[in-house]
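Here the protein sequences line up with chains U and Y, keeping their order.
One gets this note's numbering by counting positions in the first sequence from 1 and adding 44 to each.
One gets this note's numbering by counting positions in the second sequence from 1 and adding 713 to each.
Inspection log for the structure reproduced underneath, given as structure tokens.
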Amino acid sequence: MKTLVGTGHLIRLIARRDRFRLPVWIVVLALLVIGTASAFIELYPSEAERLVLAKTIVSNPAIVGFLGPLYDTSFGGLTAWRVGVIGSVLVGIMAALTMIRHTRQEEETGRRELLGATVVGRNAPLTASLIVTVAAGLSIGAFCAAGLIGLGLPRSGSVAFGLGYAAVTAVFAGFSGLAAQLTPGAGSAKGIAVGIVGASFLMRLAGDGGASSGLGWLSWLSPIGWFTRLRPFADERWPVLALSVGLTLLATSGAFWLAGRRDVGAGVVQPRLGPASASPSLRSPFGLAWRLHRSSLLGWTVGLSFIGAVYGSLAESVRGFLGDNPQLREIFEQLGGEAGITEAYFATAMGILALIATAYAVRSALRARVEEESLRADPVLATATPRIRWAGSHLVFAVLGPVLILAVAGVVAGFVYGLNIGDVGGQVPRVVEAAMIQIPAVWVVVGVAVVLFGIAPRYSDAIWGVLVAFFLLGQLGRILQFPQWALNLSPFSHVPALPADELTVTPLVVLASLAVVLLATGLVGFQRRDVDG
Amino acid sequence: MVLHLALGAWTDRRGATVLAFAAMAPVISTSGLTKRYGQTIGLDGLDLEVTEGEVHGFLGPNGSGKTTTIRILLGLIRADGGEATLFGRDPWSEATDLHRRLAYVPGDVTLWPNLTGGEVIDLLGRMRGGLDTVKRDALLERFDLDPRKKGRTYSKGNRQKVALVAALASNVELLILDEPTAGLDPLMEAEFRACVAEDRNDGRTVLLASHILAEVEALCDRVSIVRAGRTVESGTLADLRHLTRTTISAQVTSDPVSLGVVRGVHDLRIDDHQVDLEVDSDQIGDVLTHLTRLGVVNLASHPPTLEELFMRHYRDET
């Protein structure tokens, strides 16, 4: 147990450093869950209304694939279905970021050595990070459960819901602890940890979406799928929790095992020597930006192509989705028959892809801020590099990166769907168009990020809050019957729902112009302000 | 001294008016520079003058405003008040053009984790407008630096070397070095001094912010000392020495109490016939006359060491 000496001190240190961060996560997630449940209670009080709601939303398979199956139309059942998967992804990301922040990032910055030289055991940092992260997951679960019970929802379902979130947190905390051992860079460790969350999401997307074609078992491989399979408020399956506990223990022991076999600061993957001199292309701020962005651009393109492939492969089963429901048939006849339903499906699917691509775009735009904060901007700006060129070379990736990512993902989705129905030539352009139409909205968010960077750099990270708000507006706004002006705040609500809708150019031009104005404002702001050092 | 030699060469070729002009044309000039960071004052009327061809020591305690001054000169931040010029031009609005003529070594060197040292050196040199590859290779050799390692695997000293090689390998007119030897071992420090001495002989101007007194003494023609954002002293080391006190200890035959009234005497300690005192350097003559009258048995005196000089300025009341 000597390797654990000092764990208590480290827990207090982590709690002190994250005294705002973790409470924000906890409060936001609890509010998301409790708010959704209370909205369902207020807006859909009668069983009949809820059945209609269930049927209309379930009629869009993109949403079912995205959110998982609906097991029960009670208030609790609807809430668990509506925010279960979204919340699981969010707690997973929280677990990944918190774990890496207090393990690998501490090593990379050298602070770990400062601690390591005091009376702190070798395994104490990893243990303390795990304890704090799991405790945060339990707090989120406890607040959610208490809130749901407070709203009068069944006790067992509320507890299952809370434990479900805690279980997801624990599993991803374990895997993130493992990821932290692999690479010397905190950035790549974060990438791996968040990537594991993404892969779990994808697996259950394929499983839930493709359940009719026998892919349902895939959901059982995903810790996020387990939340759905726990079935809160729908005759809970408690043994599913044992899966999470088991996998958490496995991942955690793996992390400790690897941690015991490497040096502080080193990864399991040994660093290699690189070129002694720069290639001819590495001669400008853009050459530098390309080096810094290329692997992340590749990763996101591949990742979103995967999601595109899954969406494309599920599209065909959508056509049979209408089944014997005459009401739904009628709705979709109005939309243009069976073609109409796949079009609505692709419009929703591409909207979701666009939001994920926006996360990439925002991250790339903020890369300039990361460079500035880590003092790597100074030496570059002290050369004959104008500020605008330096910032612009990062923004190229924020502006054109999502275009590439969405184009490739759209081509893949259209190609897979086209293969299935024997119409590759016809489907690829349609789906790609549905993807590209989202670009101006993505650019508006990039524009807001650049304005923050240029004018209020210290608050640059607030853009993530803006992005989450747009995401929740798009996901929950209609069901929770938000007023139209609130829905209009999100640029994505102005994108025509291609290929189902008519292509209307005006909103796109307006969005693109707004993006240009925002980008220009931000760059002018940056041109005039001090570079932080 | 080297400054004067350089100017001498100028006069030989072009005559006295050129001497006046050359001596007047500063590479760096700031006057009354102020900068605030919210509540705290970064600079409070800083004056700095660096003339062409000199190595100028820029000294001051931590947080006294050296780095802030350098970042203003680089156009990274804007001064709130006062004037700053670099090569006679505005460092903020003409930053890009001016940066072709200078190289900068930051005090806190962070490298891109996945770029090798060699790549960083080449990249910075090319963005500055080209680097001398022969010189680069020679410097890598001299500083014993492996350019194939990735940024995240270098130690602090080696990161410093990457930044130094990148700066020294460029054929620029001005080097701005912010505590460039922090983290270097003594061998490498000696190598650094040799490099700067060569650059000075090539007519390059150097602004050297440093805490290493031996380095300053070995390299600098003139120094400016800053405290709390103001320049408290500026001149050659000889000038500065002159402004400070010499220590004298002596044994005399008569009662030395009367020394207490002599002008310029400080910290007088009397132990029977043994006297220890400090004297303002311009009053030494009077004190010696007085001592002789008291009958000197033995006498030792030493000029202020650099440590004493700096300690006094670093610690002094504002």
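All C-beta atoms in this analysis are idealised placements derived from N, C-alpha and C, irrespective of residue type, glycine included.
Those residues which DSSP pairs with residue i across a bridge
| i | result |
| --- | --- |
| Ile938 (chain Y) | Y:Leu772 and Y:Glu946 |
| Glu762 (chain Y) | Y:Ser742 |
| Leu756 (chain Y) | Y:Lys748 |
| Glu767 (chain Y) | BP columns for Glu767 (chain Y) are empty, so no partner. |
| His979 (chain Y) | Y:Glu991 |
| Ser1014 (chain Y) | Y:Ile961 |
| Asp984 (chain Y) | Y:Gln987 |
| Leu1009 (chain Y) | Just to set this straight, residue 1009 (chain Y) is Val in the shown sequence, not Leu. Per DSSP, Y:Val965. |
7 Å Cβ cutoff, residue i in contact with chain U
| i | result |
| --- | --- |
| Gly831 (chain Y) | yes |
| Arg784 (chain Y) | yes |
| Phe734 (chain Y) | At Phe734 (chain Y) the pLDDT is 44, less than 50, meaning the model places this residue with poor confidence; the figure from the coordinates comes in the next sentence. It does not: the Cβ of Phe734 (chain Y) has no partner Cβ on chain U nearer than 7 Å. |
| His979 (chain Y) | no |
| Pro819 (chain Y) | yes |
| Ile790 (chain Y) | yes |
| Leu926 (chain Y) | no |
| Ile915 (chain Y) | Note that residue 915 (chain Y) corresponds to Asp in the displayed sequence, not to Ile. Asp915 (chain Y) does not count as touching chain U. |
| Pro1016 (chain Y) | no |
| Leu888 (chain Y) | no |
| Leu799 (chain Y) | no |
| Met840 (chain Y) | yes |
| Thr823 (chain Y) | yes |
| Arg727 (chain Y) | Residue confidence is low: Arg727 (chain Y) scores 39 on pLDDT, short of 50, so the model does not pin down where it sits. Its coordinate-derived value is still stated next. No, Arg727 (chain Y) does not count as interfacial toward chain U. |
| Leu787 (chain Y) | yes |
| Leu837 (chain Y) | yes |
| Thr809 (chain Y) | yes |
| Arg813 (chain Y) | yes |
Short CB-CB distance (under 7 Å) between residue i and chain Y
| i | result |
| --- | --- |
| Pro430 (chain U) | yes |
| Arg411 (chain U) | no |
| Arg327 (chain U) | yes |
| Gly567 (chain U) | Per the sequence shown, the amino acid found at residue 567 (chain U) is Leu instead of Gly. No, no contact with chain Y. |
| Gly229 (chain U) | yes |
| Asp307 (chain U) | no |
| Ser418 (chain U) | yes |
| Ser321 (chain U) | yes |
| Gly458 (chain U) | no |
| Pro315 (chain U) | yes |
| Thr147 (chain U) | no |
| Leu158 (chain U) | no |
| Leu425 (chain U) | yes |
| Gly577 (chain U) | yes |
| Asp422 (chain U) | yes |
| Gly239 (chain U) | no |
| Gly269 (chain U) | no |
Residue i Cβ short of 6 Å to the ligand COA heavy atom set
| i | result |
| --- | --- |
| Asn167 (chain U) | The ligand COA is not part of this structure, which contains no ligands at all. |
Under 7 Å by beta carbon: chain A residues contacting residue i
| i | result |
| --- | --- |
| Pro826 (chain Y) | The structure shown contains no chain A; its protein chains are U and Y. |
Exercise. Examine the Cβ distances between the region 115 to 135 of chain U and the region 545 to 561 of chain U and report whether three or more of them are shorter than 8 Å.
Key: no
Quiz item: Given a limit of 8 Å on CB to CB distance, which residues of the region 483 to 516 of chain U reach chain Y?
Solution: none
Quiz item: Taking any Cβ of chain U, which residues in the region 853 to 868 of chain Y have a Cβ under 9 Å from it, in chain order?
Solution: Leu853, Asp859, Pro860, Arg861, Lys862, Lys863, Arg865 and Thr866
Self-check item: Segment contact, 8 Å Cβ cut-off, at least three pairs: the region 915 to 931 of chain Y with the region 767 to 786 of chain Y
Solution: yes
Exercise. Only counting runs of 4 or more residues, tell me where the alpha helix (DSSP H) segments fall wholly within the region 399 to 481 of chain U, in order along the chain.
Key: 421 to 425, 431 to 465 and 468 to 480
Self-check item: Whole runs of the alpha helix (DSSP H) within the region 881 to 937 of chain Y, excluding any shorter than 4 residues
Solution: 899 to 914 and 926 to 932
Quiz item: Which runs of the alpha helix (DSSP H) spanning at least 4 residues fall entirely within the region 492 to 533 of chain U, listed in chain order?
Solution: 506 to 520 and 528 to 532
Quiz item: Per the contact definition of three or more C-beta pairs closer than 8 Å, is the region 300 to 314 of chain U in contact with the region 159 to 172 of chain U?
Solution: yes
Quiz item: Of all the alpha helix (DSSP H) runs that stay within the bounds of the region 783 to 867 of chain Y, which reach a length of 4 or more residues?
Solution: 808 to 812, 830 to 841 and 846 to 855
Quiz item: Should the region 193 to 205 of chain U be regarded as contacting the region 794 to 801 of chain Y, the criterion being three or more beta carbon pairs within less than 8 Å?
Solution: no
Exercise. For the region 388 to 407 of chain U and the region 479 to 493 of chain U, state whether three or more C-beta atom pairs, one from each stretch, are separated by less than 8 Å.
Key: yes
Quiz prompt | Positions along the region 751 to 779 of chain Y whose CB lies within less than 9 Å of some CB in chain U | solution = none
Self-check item: In chain order, each alpha helix (DSSP H) run of at least 4 residues that lies wholly inside the region 237 to 308 of chain U
Solution: 267 to 274 and 284 to 303
Quiz item: Below 8 Å, can you find three or more Cβ-Cβ pairs linking the region 315 to 326 of chain U to the region 411 to 421 of chain U?
Solution: no
Quiz item: So, do the region 961 to 969 of chain Y and the region 981 to 993 of chain Y have three or more beta carbon pairs nearer to each other than 8 Å?
Solution: yes
Quiz item: For the region 187 to 215 of chain U, which residues have a CB atom closer than 9 Å to at least one CB atom of chain Y, in sequence order?
Solution: none
Self-check item: Three or more C-beta pairs below 8 Å linking the region 241 to 253 of chain U and the region 341 to 354 of chain U
Solution: yes
Practice problem: Pair every Cβ in the region 861 to 878 of chain Y with every Cβ in the region 832 to 841 of chain Y, then say whether three or more of these pairs are closer than 8 Å. | Solution: yes
Practice problem: Kindly provide the ranges of any alpha helix (DSSP H) runs that are 4 or more residues long and lie completely inside the region 160 to 224 of chain U, ordered along the chain. | Solution: 168 to 194
Quiz item: Is it true that the region 763 to 772 of chain Y meets the region 922 to 942 of chain Y, where meeting means three or more beta-carbon pairs spaced less than 8 Å apart?
Solution: yes
Exercise. State whether the region 72 to 81 of chain U contacts the region 118 to 128 of chain U, with contact taken as three or more CB pairs (one from each stretch) at a distance under 8 Å.
Key: yes
Exercise. Indicate whether the contact test is met: 3 or more Cβ pairs, each with one atom in the region 138 to 146 of chain U and one in the region 229 to 237 of chain U, closer than 8 Å.
Key: yes
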